[in-house]
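Reviewing the structure listed below.
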């Protein structure tokens, strides 16, 4: 159930990227999609248990897997910096095409 | 040798930021870095004994430097050096050289990475550096083309990440060799990412516009080495995991035919060259064992062609037919 919801988030984000006509909405959709991917990593990490992976006697070995969590931390940072970069580009484009509609930008900027 | 490899992999990033701090030394430092990479790559080709590094832990970063990566590293070094020499007297700011060297370093990192996550990091750094290089003229069109590139590559890499965790789920490891036990959906998702990044088959049709609209030196770098960062992992997978090799060869043949058939109808010099890149990437994938050498030749010739096309009076074939082309030699 949870897995299906996570995949639904990824797909909603992906279709948002494709079908939204506004550049800003596309970037937000991409954020939704990357949130879905991050949630999937957390979901996979929590297969064996949800306890913090600190070695102790109490939890009986039901730790969350630390490796996917460590990996997704890198991916979160990269995703966030890419989004910041994109928003800077969008700010530049917004000066001449304030509506940020895709077909208008394409009409102005493709040969 | 281990220390040398690590130092060499980290050096471009240090040099890249040093160039920005000391703008007066920009071109000299950039050329020094590329010649260092050239030496390292040649040494890898000649030594014939692959070097495998597992940093940190069994889950950590795995690097493999063998003669296949040697060929790609030599390509990268020569193409970057050619671009820097081309820009030598063209008044580029230090920012351009910084990005060029960081791009050079991250492409090198992609060529020695042997696990899915270090490859992911390298590919994302490549997208960022390539974005900044394409957007370098700061005109609206350049920013739009660069944004489009970043959109495509980031979405592809998100699919790739989902594939990577599925491989981890099956093997408890992110290394390439785990692909043989991975479920088919994991391989499909990883291939979506890499095929898009490498500009192969239908997912590579974003490539002509980006490569033709970028500035001449930038498109030489994009076409010469950056697409190979997506192709190289596929080659390495084909060599390491027998079960995916036929699939990769099928994509190779399909791309080779598709790229050429699009290129036949092109009327623009740079678009023609970009579409030819698509088809050549296919040829690299068709024979994984010889792929390294083929990639070297393609990288050198394609970047030279792009740099020459920058000096043509026009980009359209029908105008070129009526205009004399100045020949300085």
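Chains as they are written, first to last, in the numbering used here: chain A, 1 to 111; chain B, 1001 to 1329.
Heads up, the beta-carbon is just placed ideally off N, CA and C, and yes, glycines get one too.
Residue 1136 of chain B and residue 19 of chain A have their C-alpha atoms spaced approximately 29 Å apart. Looking at the backbone, the Cα of residue 15 of chain A and that of residue 1159 of chain B are separated by about 13 Å. Beta-carbon to beta-carbon, residue 1077 of chain B and residue 1105 of chain B are separated by about 11 Å, too far to satisfy the 8 Å threshold.
When C-beta distances to chain A are compared with 7 Å, the residues of the segment 1155-1180 of chain B below that value are 1155, 1158, 1161, 1162, 1165, 1168, 1169, in chain order. Residue 1036 of chain B has its alpha-carbon roughly 18 Å from the corresponding atom of residue 1051 of chain B. At a cut-off of 7 Å between C-beta atoms, residue 1236 of chain B does not count as an interface residue with respect to chain A.
For residue 1235 of chain B, the enclosing alpha helix (DSSP H) has its first and last residue at 1227-1240.
Counting along the chain, no beta strand (DSSP E) covers residue 1273 of chain B; the unbroken alpha helix (DSSP H) around it starts and ends at 1269-1286.
Contact annotation: in the segment 31-42 of chain A, residues whose CB is within less than 8 Å of a CB in chain B are 33, 34, 37, 40, 41. Rounded to whole angstroms, the gap between the alpha carbons of residue 1222 of chain B and residue 1010 of chain B is 21 Å. Pairing residue 33 of chain A with residue 10 of chain A gives a Cβ-Cβ distance under 7 Å. When C-alpha distances from residue 1263 of chain B are compared across B:1278, B:1091, B:1080, B:1306, the shortest belongs to B:1278. Beta-bridge partners of residue 1175 of chain B (DSSP): B:1115.
Three or more pairs of CB atoms, one per stretch, sit closer than 8 Å, so the segment 1007-1023 of chain B contacts the segment 1093-1104 of chain B.
For residue 1065 of chain B, the uninterrupted beta strand (DSSP E) segment begins and ends at 1062-1065.
Distance from residue 1300 of chain B to residue 1218 of chain B at the Cβ level is roughly 17 Å; contact not present, criterion being Cβ atoms closer than 8 Å.
In the three-state scheme derived from DSSP, where H, G and I count as helix and E and B as strand, residue 1036 of chain B is classed as helix. Contact between residue 1220 of chain B and residue 1326 of chain B fails: their C-beta atoms lie close to 20 Å from each other, not under 8 Å. Three or more Cβ pairs closer than 8 Å define a contact, and the segment 1144-1151 of chain B falls short of that threshold against the segment 1163-1180 of chain B. The segment 1198-1210 of chain B makes contact with the segment 1246-1261 of chain B; the number of CB pairs closer than 8 Å reaches 3 or more. Residue 1101 of chain B has a beta carbon lying at 7 Å or more from every beta carbon in chain A. Residue pairing for residue 101 of chain A: DSSP places it in a beta bridge opposite A:22. Counting along the chain, the unbroken alpha helix (DSSP H) around residue 1254 of chain B starts and ends at 1245-1263. Closest in alpha carbon position to residue 76 of chain A, among A:25, A:56, A:36, is A:36.
Taking a Cβ-Cβ cut-off of 7 Å, the neighbours of residue 86 of chain A in chain B comprise 1147, 1150, given in sequence order. Residue state for residue 1051 of chain B is assigned as strand, using DSSP reduced to three classes. C-alpha of residue 1184 of chain B to C-alpha of residue 1231 of chain B: approximately 20 Å in a straight line. Just so you know, the alpha carbons of residue 1143 of chain B and residue 57 of chain A end up roughly 56 Å apart.
Taking a C-beta cut-off of 7 Å against chain B, the contacting residues of the segment 64-76 of chain A are 67, 68, 71, 74, 75, listed in chain order. In the three-state DSSP reduction, residue 1136 of chain B falls in the coil class, being neither helix nor strand.
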